[in-house]
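S.K.: If you're matching positions, the sequence shown starts at 242 in the numbering used here and goes up one per residue. All C-beta atoms, glycine included, are put in the ideal place defined by N, C-alpha and C.
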Amino acid sequence: MKKIICLTFFCCFSYVAFSQIGVLRKDENVGGGADGTISKDGKATKAFGVKTKITDYKIISSENDTTYVDTTLTVQKLYKYNYLRKDYFELLPFANTGQTYNSLGYDLEEKSLLPKFGARAKHFSYYEIEDVYYYEVPTPLTELLFKTTQEQGQLLDALFAVNTKKRLNISLAFKGLRSLGKYQNIRATSSNFRASALYNTENEKYFVKAHVNMQNMENEENGGLTDAAIPEFENGNEEFLDRSRFEVNFQDANNQMEAKRFYLDHYYDVFAAKDSLKNNSLRVGNILNLEDKKYIFQQTSQNDYFGNSFSSSSQRDEVRLENFYAEAYAGFQNNT
Numbered sequence: 242m243k244k245i246i247c248l249t250f251f252c253c254f255s256y257v258a259f260s261q262i263g264v265l266r267k268d269e270n271v272g273g274g275a276d277g278t279i280s281k282d283g284k285a286t287k288a289f290g291v292k293t294k295i296t297d298y299k300i301i302s303s304e305n306d307t308t309y310v311d312t313t314l315t316v317q318k319l320y321k322y323n324y325l326r327k328d329y330f331e332l333l334p335f336a337n338t339g340q341t342y343n344s345l346g347y348d349l350e351e352k353s354l355l356p357k358f359g360a361r362a363k364h365f366s367y368y369e370i371e372d373v374y375y376y377e378v379p380t381p382l383t384e385l386l387f388k389t390t391q392e393q394g395q396l397l398d399a400l401f402a403v404n405t406k407k408r409l410n411i412s413l414a415f416k417g418l419r420s421l422g423k424y425q426n427i428r429a430t431s432s433n434f435r436a437s438a439l440y441n442t443e444n445e446k447y448f449v450k451a452h453v454n455m456q457n458m459e460n461e462e463n464g465g466l467t468d469a470a471i472p473e474f475e476n477g478n479e480e481f482l483d484r485s486r487f488e489v490n491f492q493d494a495n496n497q498m499e500a501k502r503f504y505l506d507h508y509y510d511v512f513a514a515k516d517s518l519k520n521n522s523l524r525v526g527n528i529l530n531l532e533d534k535k536y537i538f539q540q541t542s543q544n545d546y547f548g549n550s551f552s553s554s555s556q557r558d559e560v561r562l563e564n565f566y567a568e569a570y571a572g573f574q575n576n577t
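1) Hey, Lys416 and Leu385: beta-carbon distance below 9 Å or not?
2) What does Tyr508 pair with, by DSSP beta-bridge criteria?
3) Looking at C-alpha atoms only, which residue of Arg326, Arg502, Ser344, Ser302 is the closest neighbour of Leu333?
4) If we count the other Cβ atoms within 10 Å of its Cβ and call it buried at 16 or more, is Tyr368 buried or exposed?
5) The alpha helix (DSSP H) that contains Pro472, what's its start and end?
6) I need the straight-line Cα distance from Phe434 to Glu461, nearest angstrom please.
7) DSSP state of Gln340, grouped into three classes?
8) Got a sec: does the ligand FMN put a non-hydrogen atom nearer than 8 Å to the Cβ of Glu371?
9) What separation, rounded to the nearest whole angstrom, lies between the Cα atoms of Glu351 and Asn478?
10) Tell me whether the beta-carbon of Asp510 lies closer than 9 Å to the beta-carbon of Gln540.
11) In the DSSP assignment, what are the bridge partners of Glu559?
12) With distances taken Cα to Cα, identify the nearest neighbour of Asn463 among Tyr309, Ala438, Ala429, Glu443.
13) On the three-state DSSP scale, how would you describe Tyr324?
14) Quick check on Glu377: buried or exposed, where buried means 16 or more other Cβ atoms within 10 Å of its Cβ?
15) Quick one: grab the DSSP three-state call for Ala362.
16) Nearest to Gly422 by alpha carbon, out of Glu392, Tyr440, Ser542?
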């Protein structure tokens, strides 16, 4: 009886497998693409018979530099599998994920005519205007990153991009972090929400890029190891392999940075040089940027580790910066 059942199951499975192969040959699909299928000519096929390629999934920067989604698995992707989502080259991270970094190099290209906000240690993971991208996709696109952090906590970075209309693309992204850390009073938490939109008219004369960015970063600060704990750390005492046993200078200090930004860049091509018959192009545009930042440091008890304090009880220091930037521009180009 068992032999009959096994033989019947084997015959049915073979028939199903043979039928599936027949469907694949009929549709000329041999693998999985953006929507689950790839044709023999290397193009991903989506619904309604419309074919798309991976190069149709475009990523556009604030400077209009355009690339496309990279789905390959390389060593470079491994270097970017971290909190900053970029290579740590010239960066030395602190003990806990979500803390600051020591810069081992100097950026000579970054220029700013306006004074910058303080607390630069918080800006390694801060999303500037050039760090927010815009997407142009033929079908919905999803990207997820998940990683565990020190002791207790996780890191999640999620992105969803979709074209609600043929010429309107919207993307929503969120990155959240919680990491307890291996030392006392070193917990790090952060949240970052990004929403961007890309639109252009049917005649491709008017273009709009806009995004909204909400950021919140909070860190507990321990002030480093005490003078008595430093020799134990340097000597590698086995009793302190559990780093939470080390005494630290602060047990009640933390800092927090909150920021929000509203950005709009739109321009109109009065006439564009799209072929050899049109040698001149003229573009007029406008950029608006409203950014608000707040940084708070607080400590519930007075501490003289860094010197005499101006307060005999708790300490709280807060600084704010609101920046509104408006720019109107015009560009003319002659291709002769």
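M.R.: By the coordinates alone:
1) Position 175 of the sequence shown, counted from the first residue, corresponds to residue 416. Position 144 of the sequence shown, counted from the first residue, corresponds to residue 385. Taking 9 Å as the Cβ cut-off, Lys416 and Leu385 do not qualify as a contacting pair.
2) Residue mapping note: residue 508 aligns to position 267 of the sequence shown, counting from 1. DSSP, once it has assigned bridges, lists Phe448, Gly526 as partnering Tyr508.
3) One-based indexing of the sequence shown puts residue 333 at position 92. The candidate whose alpha carbon is nearest that of Leu333 is Ser344.
4) Residue 368 sits at position 127 when you count from the first residue of the sequence shown. With 16 or more other Cβ atoms within 10 Å, it is buried.
5) Within the sequence shown, residue 472 is the residue found at index 231, counting from 1. 470–476 is the extent of the alpha helix (DSSP H) around Pro472.
6) What you label residue 434 is simply residue 193 of the sequence shown in a count that begins at 1. What you label residue 461 is simply residue 220 of the sequence shown in a count that begins at 1. In a straight line, the C-alpha of Phe434 is about 22 Å away from that of Glu461.
7) By 1-based counting over the sequence shown, the position of residue 340 is 99. In this structure, Gln340 counts as coil in the three-state DSSP scheme.
8) No copy of the ligand FMN appears in this structure; indeed no ligand is present at all.
9) As a working mapping, residue 351 is identified with position 110 in the sequence shown. As a working mapping, residue 478 is identified with position 237 in the sequence shown. Looking at the two C-alpha atoms, the distance is approximately 44 Å.
10) In the sequence shown, residue 510 corresponds to position 269, counting from 1. In the sequence shown, residue 540 corresponds to position 299, counting from 1. Cβ distance not < 9 Å, so Asp510 and Gln540 don't count as in contact.
11) Within the sequence shown, residue 559 is the residue found at index 318, counting from 1. According to DSSP, Glu559 bridges with Ile537.
12) Taking the sequence shown and counting its residues from 1, one reaches residue 463 at position 222. The option with the nearest alpha carbon to Asn463 is Ala429.
13) For the purposes of this step, residue 324 is identified with residue 83 of the sequence shown, where counting begins at 1. Coil at Tyr324, not helix or strand.
14) Within the sequence shown, numbered from 1, the residue matching residue 377 stands at position 136. By the neighbour-count rule (16 or more Cβ atoms within 10 Å), Glu377 is buried.
15) Indexing the sequence shown from 1 puts residue 362 at position 121. Three-state DSSP puts Ala362 in a helix.
16) Translated into positions along the sequence shown, residue 422 becomes position 181. Cα-wise, what sits closest to Gly422 is Glu392.
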